[in-house]
């Protein structure tokens, strides 16, 4: 019984500590450069929103300022049963190509995103929350990683800013 306990403890320790440490060490030893060429696949910026009237206008304005070929980017806002003015604000931007996917029944963030994903045809999907703002060149820098055919996912850096007074 003691052997079983020690073996279990070692395996659990390896999973939570040993394996991540091993990967970190291997990543320092084995360098595998990622090809980062200029690359402009079609993308959908998929924004999750639930009762976000306080920030949705700023998020849409921020998204419209993204430095990416306009014919290659689609901005879709998924409203998951919002009960405030979120949907109304999003509709104000429909003439600028912003698409509202409105779901009357609340499904939760992942449920709403998964349902919206069924209709997306672009090569790359960038997920975003309504309260997350991007630098103008962020999408360009993110998708250049996909110039390497071995890359299947990419993420950006998170930089926190204090709220504006």
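Residue numbers (my numbering): -16 to 148.
Cβ atoms here follow ideal geometry from the backbone N, Cα and C, with glycine treated the same way.
- Cβ atoms of residue 34 and residue 67 come within 8 angstroms of each other, at about 5 angstroms.
- The three-state reading of DSSP puts residue -12 in helix, counting H, G and I together.
- In the three-state reduction of the DSSP assignment, residue 31 falls in the strand class.
- For residue 5, the enclosing alpha helix (DSSP H) covers residues 2 to 12.
- For residue 85, the three-state secondary structure derived from DSSP is strand.
- When C-alpha distances from residue 53 are compared across -7, 69, 26, the shortest belongs to 26.
- Counting only the Cα atoms, residue 15 lies some 15 angstroms from residue 130.
- Between residue 102 and residue 84, the gap from beta carbon to beta carbon is short of 9 angstroms.
- Collapsing the DSSP output to three states places residue 62 in a strand.
- Here residue 0 has no same chain residue with a Cβ atom under 8 angstroms from its own Cβ, once five neighbours each way along the sequence are excluded.
- Straight across, the Cα-Cα distance linking residue 100 with residue 59 is about 10 angstroms.
- Rounded to whole angstroms, the gap between the alpha carbons of residue 123 and residue 109 is 11 angstroms.
- When the alpha-carbon of residue 31 is set against those of 82, -16, 104, the nearest one is in 82.
- Here residue -4 is exposed, its C-beta having fewer than 16 other C-beta atoms within 10 Å.
- Nearest in C-alpha terms to residue 18, of all of -2, 65, 125, is 125.
- Between the alpha carbons of residue 8 and residue 78 lies a gap of roughly 51 angstroms.
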